[in-house]
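Chemist: Residue 580 in UniProt numbering sits at position 580 of the sequence shown, and the numbers go up by one each step. Glycine included, every Cβ here is placed at the ideal spot set by N, Cα and C. What follows is a single structure, and I will ask about it in a moment.
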Amino acid sequence: MLISQFHHKCMRPHERRTARCHNIIIARFARETGSGRGKPANQTNSEDIYKGLVLKRTPTTLDCSNRAASPGIGKAGRPTKVLTNLFKLSMPTSVVAYKYSVDIAPVSSVQSSSGTTSTSPVSKRPARKVSREDCAAIMKQLSSTHGWENEMVFDNASLLHSIRATLEGTYEVLVKMDAQIEKTFQVKIAKVDSLDVKQAISSYVTGTGSPTTTTNLIPSINLMDMVSKATAAEDVDSVRTPSGYLSYKTASQAQSFGQQLLKILSGFRSSVRVVKSGVVMSLDHQVGAVLEDGPLMEVLIKAARFKGPADLIKLKQKFEAARVDITDFQVKLSHTGQKIRLQGFSPQSARELKFKLKEENNRETTVEKYYKERYNVILKHPELPCVLAKNGSAFPVELCSVVRSQRRNQVKDARQQAQLIKELGRKIQEILTALKGPLGSLQGPIAKAFGLSLDRTDPLTVNARRIPGPMLEFKGLKQVPTGSEGAWRAPGGAPIKEPGRWTSGAILVLMAEGSLERQGVDNLQLSLGKQLKAMGCPFPTATPKVWAVPGSRVSKGDVEGLMRKAFEAAKKSCGGKPPELMLVVLPQGGDVEIRNEVKRVGHAMLNVATQCCDSFKAGVTQDLEARKLDQYTSNVALKVNTKLGGTTAELAGTMDDYAPFLEGKHFMVIGADVSRSAAAGRSNTSITYGAVVGTVNRQAVRLSQPQMLVQVGKNDDLIYGMEEAAGELIKSYAGANGGALPEVILLYRDGVSESFYDQVLAKEFTDLKKACASIREGYNPKVTFVIVSRGHNVRFFPARGDDAGTHKSGNILPGTVVDDAIIDKFAFEFYLNSHAGIFGTNKVPKYTVLVDEFGFTSDSMQIFTHWLCHTYSLCNRSVSTPPVVKYADKAAEEARQIGVAEAAALVQAAAASGSAAVTSGAFKDYTLLSPLGMSRAQSMSFV
């Protein structure tokens, strides 16, 4: 509130000047956020938004599954409409589909055109499982021969559906793999079941059955999904991915990124699902990077930027210098048709590399001579090194071709990232126009045979509501509005709620010291120091700088020694006090391996928080104007303050203001997530890194020490150590609240696919209740367990003509919630967009409440979840999910970096237990990573 004129007259001159400054700050802030009195027009006080709403109910569950039942549609917020990427499908006609199992196995050796048989000369392996690509080719030829091609869909592995009831039998198929190679396969087809698709879907839509009780509903939807993808699956220009298909038709020109030749693809993925309003198909715009395909020799020449064949004589020497990375390339051998994965180059050429032939009494020969003798192949470039398969077998480069459609999920190179971002940033109207292209898959003969068709060609428009943002509390300001754009600026002099404390630290620069770099680091320290001082968390009075050794680029192996040097320098300058945080300036480009090593050494070895800065973005290796540098360091300052135990903002008022439905009860918010790693030497066993984090104050912004886990077991999304981790978090809450235990626990679980919902409910929810029971006899808090899903492909766009509901990025506004028409008819779920998209189309999280012992209503759950998204400590913006989900995700990635030794030990234990125990799921183990005695102020060091 502005200071009144009456009080202004009673003030002394210096008090009047202070008051005028205060009024100017508040008035300016009010203008920036869209209101004349410090609150935007659509900003609502807590008591206003909750007025007249039902905020609590008697919990109910679905009889069939014990999951929380839908509490009905919410009422809070301003009604609006949003456009989706969902297309309504007509109900399938009364067609019975027959389900078959398919077993495909080779029955002859590889045959050349001359009729001779042979095997790989360098790699002798047992019969391999038929690849999905070969399965597709075999079934395509078989179905074409018998006239089934437009009456069946095949998953390219072992499952087939057809409208024909008479496909059972054993067939032999001769397939021409390429110009010179043919193979014969035996295909066994056996009938498993039949599906009345119309009956299954109709009983759900009309309300006579639920997803778990309606017979064959899920298999029927899966079948319709396969049918909708059939045209894309048959298209030679499609790239198969785990989530759908990408089209080569819109591929960018191949470019050399990070010493790999990649091209960026743009396409769509589709998915059929049954929702409250019926059967719908979603079409989602996707982009991805794939390897350039073709002869490996040509790919290497392009990637190494050689001029052409004239440079081949130098290729051997240039392979290492060019740092051409062929790790995990899949190539096809021209002489056998076999596909192998590569791990690198041989140290010797094909002319020099020798091996022994066991079938000829260990006679020694070279790779060059072997191919001449066995295959009558004369190598054109025997002076070149061979490529090595994963098992160490060697093959001439000129006989290899890079297999098509090999995706690369990790995008490390800055140019590659820019290309992907450019494609992702297509205007929303362009995406909506392009969406109609893939709809042709529903007009083909396969869709017609199964009775699948479009109800209408326009995407669905659905009802939605816009929930206003909360009021936040900063230092000295009790009611700061957040506006409708999902971003705000804290008024001058009050950028945070509570400062951290930094008494000992160091600046480590992982580059050689030069005049330009020295000036850049000084400017960075000056700008960051100014931001931290404004927060009340200044740099330590004596902060030493440690530089890398001149003359060489810093590698991963150098990091630990340099960090120990900086650690000791900080101790020496602060009278023996170890540093709480070290600022680390990374080489230009922010090398991922070096950054990960910094995090590992800081957390696991030195027990010190680290804040990394990219030297280019921080103005160390470029001339950056002061304004842009201040923008960069303002964000870094928030992270530093958070890692030192400070808080950025809290929900304004008391719990009765922002969460009246809790009725003053002790309340805890938990976030949990898992991050998968590669298989631990077994196809059905994986290393998983998990994290469980929990709040310790009633504003739900302070965290206790995160519980990070390394675990091994079957490939699933479960957290095996939930009982122990949750127990530690509850104890921490009691320690921070005078022994009081949380009476209500709200857990947001990320990283779970829909197929694992029931397993998560049975395992993790049960373990959480066990943890509570072990704390104190009779302790049984009310637990609400919510799944946060971002892996779906439903997208939302502003409705045509709704300028008031459109963010400047073209996305829907923060606070937009959808809980009708396109959700599950019986479950407690909703879509909630809480963040302002900057680029591209927002990925709106879907929230599914599995268990609700407390009794949330749609309104109380949606409002509180949205408001929590405004309390993320690392920025003055709302984020897509509640902060505990973000923190759990970061902590799980941190566990991946610091849990290397623990992961190796678990893999050894799994091996010792025997494959049978692992396969059956009897062996599941985990290790809680030690926090090394970190203080509460360091509990946020992982962010």
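So what does DSSP say about Gln-141, is it helix, strand or coil?
Modeler: The answer is helix: DSSP assigns Gln-141 an H, G or I state.
Chemist: Does the beta-carbon of Ile-687 have 16 or more other beta-carbons within 10 angstroms, so that it is buried, or is it exposed?
Modeler: Counting Cβ neighbours within 10 Å, Ile-687 comes out buried, since at least 16 surround it.
Chemist: Between the segment 396-409 and the segment 290-304, can you find at least three pairs of beta-carbon atoms closer than 8 Å?
Modeler: Touching, yes, given that three or more Cβ pairs across the two stretches are closer than 8 Å.
Chemist: Using only the alpha-carbon positions, how far apart do Leu-874 and Ala-891 sit?
Modeler: Distance between the alpha carbons of Leu-874 and Ala-891 is about 15 Å.
Chemist: Can you name the start and end residues of the beta strand (DSSP E) that Glu-172 belongs to?
Modeler: Its beta strand (DSSP E) spans residues 169-176.
Chemist: Let me check understanding here. Comparing Cα to Cα, which of His-161, Ala-232, Gly-576 and Asp-925 lies closest to Asn-222?
Modeler: Of the listed residues, the one whose Cα sits closest to Asn-222 is His-161.
Chemist: Establish whether the CB of Ile-670 and some CB of chain C are separated by less than 8 Å.
Modeler: This model lacks chain C altogether; it includes just one protein chain.
Chemist: Does Ser-346 pass the burial test, meaning 16 or more other C-beta atoms within 10 Å, or should it be called exposed?
Modeler: Under this definition Ser-346 is a buried residue.
Chemist: Determine the direct distance from the alpha carbon of Ala-691 to that of Val-598, and round the result to whole angstroms.
Modeler: Rounded to the nearest angstrom, the two C-alpha atoms are 20 Å apart.
Chemist: Give the secondary structure of Ser-789 by DSSP, where H, G and I count as helix, E and B as strand, and everything else as coil.
Modeler: Reduced to three states, the DSSP call for Ser-789 is strand.
Chemist: From the DSSP output, which residues share a beta bridge with Gly-294?
Modeler: Gly-294 is bridged to Val-402.
Chemist: Take Thr-543 as the anchor and find which of Gly-561, Ser-573 and Leu-562 has the nearest alpha-carbon.
Modeler: Minimum Cα distance to Thr-543 is reached at Ser-573.
Chemist: Going by C-alpha distance, which of Asp-328, Phe-856 and Thr-784 is nearest Leu-746?
Modeler: Ranking the options by Cα distance to Leu-746, first place goes to Thr-784.
Chemist: Are Val-173 and Leu-195 closer than 8 Å when you measure CB to CB?
Modeler: No, the Cβ-Cβ distance between Val-173 and Leu-195 is not below 8 Å.
Chemist: What are the start and end residues of the alpha helix (DSSP H) that includes Leu-532?
Modeler: Element bounds for Leu-532: 515-535.
Chemist: What did DSSP end up calling Gly-147 once you bin it into helix, strand or coil?
Modeler: Gly-147 falls in the coil class under three-state DSSP.
Chemist: Starting from Ile-898, follow the alpha helix (DSSP H) in both directions and report where the run begins and ends.
Modeler: 883-898 is the span of the alpha helix (DSSP H), which, as asked, contains Ile-898.
Chemist: Can you tell me which of the three DSSP states Phe-539 falls into?
Modeler: Phe-539 falls in the coil class under three-state DSSP.
Chemist: Does the distance from the C-beta atom of Gly-469 to that of Ser-878 stay below 8 Å?
Modeler: Their beta carbons are under 8 Å apart, which means Gly-469 touches Ser-878 by this criterion.
Chemist: So what does DSSP say about Val-299, is it helix, strand or coil?
Modeler: Looking at Val-299 - three-state DSSP - the assignment turns out to be helix.
Chemist: Alpha carbon to alpha carbon, what distance is there between Phe-87 and Asp-458?
Modeler: If I take the Cα positions, the gap works out to 7 Å.
Chemist: Evaluate Gly-739 with the Cβ neighbour count: other Cβ atoms within 10 Å of its Cβ, from every protein chain shown; 16 or more gives buried, anything less gives exposed.
Modeler: When all chains shown are included, Gly-739 counts as exposed.
Chemist: Return the first residue and the last residue of the beta strand (DSSP E) that Gly-505 is part of.
Modeler: Note, Gly-505: beta strand (DSSP E), 505-512.
Chemist: Tell me the DSSP bridge mates of Cys-135?
Modeler: BP columns for Cys-135 are empty, so no partner.
Chemist: If you draw a straight line from the alpha carbon of Gly-837 to that of Ile-163, how long is it in whole angstroms?
Modeler: Rounded to the nearest angstrom, the two C-alpha atoms are 45 Å apart.
Chemist: Relative to the ligand MN, is the shortest distance from any of its heavy atoms to the C-beta of Ile-221 smaller than 7 Å?
Modeler: The model depicted lacks the ligand MN and carries no ligand whatsoever.
Chemist: Of all the options Ala-736, Phe-828, Gly-810 and Phe-661, which has the alpha carbon lying nearest to the alpha carbon of Val-82?
Modeler: Closest option to Val-82, Cα to Cα, is Gly-810.
Chemist: Jot down the residue ranges of each uninterrupted alpha helix (DSSP H) in the segment 693-750, minimum 4 residues, whole runs only, in chain order.
Modeler: Segments of the alpha helix (DSSP H) lying fully in the segment 693-750: 722-736.
Chemist: Run through the DSSP bridge pairs and tell me what Cys-772 is partnered with.
Modeler: DSSP, once it has assigned bridges, lists no residue as partnering Cys-772.
Chemist: State the Cα-Cα distance for the pair Cys-537 and Gly-602, rounded to the nearest angstrom.
Modeler: Whole-angstrom Cα-Cα distance: 21 Å.
Chemist: Cα separation between Val-943 and Leu-357?
Modeler: Approximately 56 Å between the Cα atoms of the pair.
Chemist: CB-CB under 8 Å to Leu-562, same chain, minus the five flanking residues each way: which ones, in chain order?
Modeler: Same-chain partners within the cutoff: Leu-508, Leu-510, Val-546, Ala-548 and Val-554.
Chemist: For a test of the three-state rule: what should DSSP assign to Gly-52, helix, strand or coil?
Modeler: Note: Gly-52 maps to coil in three-state DSSP.
Chemist: Less than 8 Å between the beta carbons of Val-521 and Val-585, yes or no?
Modeler: Yes, these two residues count as a Cβ contact at 8 Å.
Chemist: Leaving out five residues before and five after Phe-864 in sequence, what residues of the same chain have Cβ atoms less than 7 Å from its Cβ?
Modeler: Taken in chain order, the residues that qualify are Ala-659.
Chemist: Helix, strand or coil: which one does DSSP assign to Met-668?
Modeler: Three-state result, Met-668: strand.
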